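Novice: Below is one structure. I have some questions about it.
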Ligand SMILES: [Zn+2]
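Numbering (my numbering), first residue to last: 38 to 329.
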């Protein structure tokens with residue numbers, strides 16, 4: 038559904054080999070092929086179970102990550118594009134017409150963007166440090182052909198906080214999603230925006246991840262019966278990853294420990310720090326999303 042069959046064969050050919058280097062960052066071990074296969078399958082299963090109504094939401098705790106993987110190329114630790122596969126699975130097998138992918142990983146998900154760049158059935162919304170690896174994701178990249186207007190890139194400077202992320206969700210993602218009316222929302226959940234992450238780029242805390250999840254749950258309840266599937270992307274501090282994933286899971290299971298009213302007050306009082314970025318993206322996207 039997503040990858041070039043020759044590329045899939047190249048991945049499977051790495052089975053039981055000590056080491057195959059796909060790119061400077063992306064090196065396989067003997068079982069990488071199997072982990073990658075199960076990661077993609079894990080997202081598919083999560084999507085299936087949520088669409089079937091067996092569960093209301095899901096978090097696929099998978100590795101390797103996926104959002105940099107291109108149709109015919111591994112990149113940036115990613116082998117298969119797990120979420121793109123999950124989205125195509127929802128479109129083709131379950132007959133959906135509109136899938137929204139939200140990507141809060143530190144890096145731009147160039148793979149997801151390129152796979153759906155001309156496809157209006159998948160709206161890709163990414164917040165990421167820019168300019169930064171993989172050097173794509175400028176705000177003027179909005180899709181092409183039938184997909185023009187269905188890619189939304191929010192370029193962030195380093196040092197963004199819980200309030201900045203939530204304000205982008207409230208002021209850009211929400212109005213666009215309300216107009217798009219997704220039938221399911223998939224999330225590239227990267228934890229490399231945590232303040233303790235060794236990449237030292239953003240200042241998001243456990244409460245910030247909880248708040249983003251809370252906003253996505255509220256949004257999906259309003260728009261698509263709460264159908265929400267997250268999949269693990271980056272995140273390189275083991276303790277921060279553990280605690281942040283736990284904070285997300287408390288939200289998903291309805292046992293929130295996050296102080297929503299305090300978070301909202303903070304967001305309102307700190308709006309100015311992200312206002313310029315929001316306005317810049319609105320100016321570009323207003324052509325496609327008149328509510329902005
Ligand atoms: Zn990342």
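We put the CB at the ideal spot given by N, CA and C, even for glycine.
Given the structure is predicted, the values throughout are model-derived calculations rather than measurements.
For ligand 1, list every residue whose C-beta falls under 7 angstroms from any of its heavy atoms, going in chain order.
Specialist: That gives 142, 143, 144, 227, 229, 270, 271.
Novice: Using 8 angstroms as the cut-off, can you tell me whether the segment 202-222 makes contact with the segment 179-186, which would need three or more C-beta pairs spanning the two stretches below that distance?
Specialist: No, the segment 202-222 is not in contact with the segment 179-186.
Novice: Let me make sure I understand the geometry here. Which of 161, 208, 152 has the alpha-carbon closest to that of residue 319?
Specialist: Nearest option by C-alpha distance: 208.
Novice: Who are the Cβ neighbours of residue 233 in its own chain at under 6 angstroms, not counting the five residues just before and after it?
Specialist: Cβ within range, chain order: 274, 277.
Novice: Please work out which residues of its chain come closer than 7 angstroms, Cβ to Cβ, to residue 120, disregarding the five sequence neighbours upstream and downstream, and give them in chain order.
Specialist: For residue 120, where only same-chain residues beyond five positions count, the Cβ hits under 7 angstroms are 80, 103, 104, 138, 149, 223, 225, 268.
Novice: What is the C-beta distance between residue 157 and residue 174, in whole angstroms, given that I count them as a contact (C-beta under 8 angstroms)?
Specialist: That belief does not hold up - the Cβ atoms of residue 157 and residue 174 are roughly 19 angstroms apart, past 8 angstroms.
Novice: CB residue 142 to CB residue 40, shorter than 8 angstroms?
Specialist: Not closer than 8 angstroms, so no.
Novice: Going by CA-CA distance only, name the one from 53, 56, 314 that's closest to residue 355.
Specialist: Limits of the chain in this structure are 38 at one end and 329 at the other, which puts residue 355 out of reach.
Novice: Run through the segment 54-121 for me and flag every whole alpha helix (DSSP H) of 4 or more residues, listed as ranges in chain order.
Specialist: You should have 69-88.
Novice: Based on the DSSP secondary-structure assignment, which residues constitute the bridge partners of residue 163?
Specialist: The partner list for residue 163 (beta bridge, DSSP) reads 140, 190.
Novice: Find the nearest neighbour of residue 253 within the set 48, 187, 288, judged by alpha-carbon distance.
Specialist: The option with the nearest alpha carbon to residue 253 is 288.
Novice: Indicate the three-state DSSP secondary structure (helix, strand or coil) for residue 296 in the structure shown.
Specialist: Residue 296 falls in the coil class under three-state DSSP.
Novice: DSSP state of residue 315, grouped into three classes?
Specialist: In this structure, residue 315 counts as helix in the three-state DSSP scheme.
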